[in-house]
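First residue of the sequence shown? That's 1 in UniProt numbering, and the numbers climb one at a time after it. For each residue, glycine too, the CB sits at the ideal point set by N, CA and C. Report on the structure given below.
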Amino acid sequence: MCEEREEVVEDLVRRLGAEVGVELPPLRVTGAEPVLPSVFHVDTAAAVSVGAATAAAAGLGGGVGAEVDVREAAVAFLDERHFMIDGVRPAGWAALSGDYRTVDGWVRLHCNFDHHRDAALAALGLPTGADGEAVARACAGRTAFEVEEVVTAEGGCAAMMRSRAGWRAHPQRAAVARSPLVGLTRIGDGPVRAPGGRRDRPLDGVRVLDLTRVIAGPVATRTLAAHGARVLRVGAGHLPEVPGLVVGTAFGKRSCHLDLRTARGAAALRDLVAGAEVFVQSYRPGALEALGFGPEELAGIRPGIVCVDLSAYGAHGPWAGRRGFDSLVQMVCGIAHEGGGGAGPRPLPAQALDHATGYLAAFGAMAALTRRSREGGSWRVEVSLARTALWLDSLGRAEAENVTGKGPRVADLLSEMDSPFGRLTYVRAPGSVDGARPYWTSPPPGQGEHPPAWW
Numbered sequence: 001m002c003e004e005r006e007e008v009v010e011d012l013v014r015r016l017g018a019e020v021g022v023e024l025p026p027l028r029v030t031g032a033e034p035v036l037p038s039v040f041h042v043d044t045a046a047a048v049s050v051g052a053a054t055a056a057a058a059g060l061g062g063g064v065g066a067e068v069d070v071r072e073a074a075v076a077f078l079d080e081r082h083f084m085i086d087g088v089r090p091a092g093w094a095a096l097s098g099d100y101r102t103v104d105g106w107v108r109l110h111c112n113f114d115h116h117r118d119a120a121l122a123a124l125g126l127p128t129g130a131d132g133e134a135v136a137r138a139c140a141g142r143t144a145f146e147v148e149e150v151v152t153a154e155g156g157c158a159a160m161m162r163s164r165a166g167w168r169a170h171p172q173r174a175a176v177a178r179s180p181l182v183g184l185t186r187i188g189d190g191p192v193r194a195p196g197g198r199r200d201r202p203l204d205g206v207r208v209l210d211l212t213r214v215i216a217g218p219v220a221t222r223t224l225a226a227h228g229a230r231v232l233r234v235g236a237g238h239l240p241e242v243p244g245l246v247v248g249t250a251f252g253k254r255s256c257h258l259d260l261r262t263a264r265g266a267a268a269l270r271d272l273v274a275g276a277e278v279f280v281q282s283y284r285p286g287a288l289e290a291l292g293f294g295p296e297e298l299a300g301i302r303p304g305i306v307c308v309d310l311s312a313y314g315a316h317g318p319w320a321g322r323r324g325f326d327s328l329v330q331m332v333c334g335i336a337h338e339g340g341g342g343a344g345p346r347p348l349p350a351q352a353l354d355h356a357t358g359y360l361a362a363f364g365a366m367a368a369l370t371r372r373s374r375e376g377g378s379w380r381v382e383v384s385l386a387r388t389a390l391w392l393d394s395l396g397r398a399e400a401e402n403v404t405g406k407g408p409r410v411a412d413l414l415s416e417m418d419s420p421f422g423r424l425t426y427v428r429a430p431g432s433v434d435g436a437r438p439y440w441t442s443p444p445p446g447q448g449e450h451p452p453a454w455w
């Protein structure tokens, strides 16, 4: 990375700290661009989001400085592509997930969860078990907007490919633009309480509840675990998962199952909240509030808690409650359109919105813990994939020579670990604090392996 770009990253990280009211230790940026070939500055987004989280960790632990390498950060954005179990890469995409041509453009269907697949098929008038060719024919006879609307109304996940101008004219874009990249607000009183970690493990002993799925949220909590937090993932047997992603993002965590629809499950979660420092969730806006676990309720149970909310399109606007994933947000906000030159969708070279949002969420959580150590209080952090996309767009465009390339060297950034699933190959946690690298102390657990209790 040239000296000018290093200064850009360092300045962006400083600005992030200032926006959340935290003075971060100095960040040293190393490495060179381009790493991930794209018209967008994906490398910069990786270095800034990872660098901000690393600097926030350094500040919490009393460190004097943090470091981020651009290639390391960019490869961390590719970790699900390099994760292997006994040398085999788990399947990532379901058969019907993908881009489909329509009468007037393109639409993307996200069918990785069975109920989303079934909803898409029902919306398109197709029987259960229909194949990709049938879906392609059904989409080809409709407009992209029509497919997006009918699939969404049925409870599925679809996104029409919009241009940058088309997204700028959309009311949800206006709602997203009014939100900060990392929102941090005080939501209640609470005692002044410092995490109590050390420089090499600044979150040592910090208890984190993880109610997230599918990359962004799990990356946030996995990052907190790499800096020493005790992370307990709360899932449920009835909730669908993408098995490979669950394993690959669960390093350093424990896992329990609770059915929050039942009185017993809700009571168990309240008991866990009473001993937690951080609560991270990626349910659709309003879903946990309906179960009695909104930020204000959580702050009432545990004064001083930090609540981290991740969403696809933010908490406000006409799409606030809409289901969304990285690939869908790329379609609607103009990224896929611009990447393909308008001819057809071309996504970013990584699930960059997911990963950047995950690291920004971890940064927000640590910034809130920093504010709490000075001011007390209970805090809420808000991030969204759509707001991260807007930020990526604001970083400008890469030079023409950055758009093509073979991708980064990866082998020297991989490690291995034994687990109940087999021998795991994974991308190491990026960044360092005073020369000490973050790391995970345990392999991914089995889903629901542990009791709903702190340790």
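Val42 places its beta carbon less than 8 Å from that of Pro349. Counting only runs of 3 or more residues that sit fully inside the segment 117-171, the beta strand (DSSP E) segments are 158-160, in chain order. Here DSSP, grouped into helix, strand and coil, assigns Gly321 to coil. Under the DSSP assignment, Glu382 falls outside any alpha helix (DSSP H), being part of the beta strand (DSSP E) whose first and last residues are Ser378 to Ser384.
Between Pro285 and Ala229, the CB-CB gap reaches or exceeds 8 Å. Bounds of the beta strand (DSSP E) holding Val231 are Arg230 to Gly235. Taking a C-beta distance under 8 Å as the contact criterion, Met161 and Ala336 qualify as a contact pair.
Around the Cβ of Arg178, a 10 Å sphere holds fewer than 16 other Cβ atoms; the residue is exposed. In the displayed model, Phe113 falls within coil according to three-state DSSP, outside both helix and strand. A straight line joining the alpha-carbon of Arg117 with that of Cys139 spans about 14 Å.
At the C-beta level, Pro191 and Val206 stay beyond 8 Å of one another. Put simply, the backbone Cα of Val246 is about 32 Å away from that of Phe145. In the three-state reduction of the DSSP assignment, Ile335 falls in the helix class, which pools H, G and I. Closest in alpha carbon position to Val8, among Val20, Ala52, Met366 and Ala169, is Ala52.
In this structure, the beta-carbon distance from Ala386 to Val176 falls below 8 Å. In this structure Pro25 is buried. Its beta-carbon is surrounded by 16 or more other beta-carbon atoms within 10 angstroms. Beta-bridge pairing by DSSP links Met417 to Leu424. For Glu72, the enclosing alpha helix (DSSP H) covers residues Val70 to Ala76.
Per DSSP, the continuous beta strand (DSSP E) segment holding Arg101 begins and ends at Gly98 to Arg101. Going by DSSP, Val273 is part of the alpha helix (DSSP H) stretching over Ala263 to Val273. Three or more beta-carbon pairs drawn from the segment 328-335 and the segment 155-169 are found closer than 8 Å, and the two stretches are therefore classed as touching.
Contact check for Ala361 against Leu310 passes: the beta carbons are separated by less than 8 Å.
For Gly324 and Thr212, the gap between their C-alpha atoms comes out near 14 Å. Around the beta carbon of Trp391, 16 or more other beta carbons sit within 10 angstroms, so the residue counts as buried. The beta carbon of Gly244 lies closer than 6 Å to those of Pro90 in the same chain, with the five residues before and after it left out. For Gly125, the closest alpha carbon among the candidates Gly248, Tyr439 and Gly141 is that of Gly141. Counting along the chain, His257 sits inside the beta strand (DSSP E) bounded by residues Lys253 to His257. Between Arg261 and Gly304, the alpha-carbon positions lie close to 26 Å from each other. For Gln330, the secondary structure class from DSSP, reduced to helix, strand or coil, is helix. Val68 and Glu449 have their C-alpha atoms spaced approximately 34 Å apart. Here the alpha carbons of Ala95 and Val403 stand approximately 28 Å from one another.
Residue nearest to Glu23 within the set Gly132, Thr370 and Leu109 is Thr370 (criterion: CA-CA distance). Following the DSSP letters along the chain, one finds Ser38 in no beta strand (DSSP E), marked with neither H nor E. CA-to-CA, the gap between Ala287 and Glu4 works out to about 44 Å.
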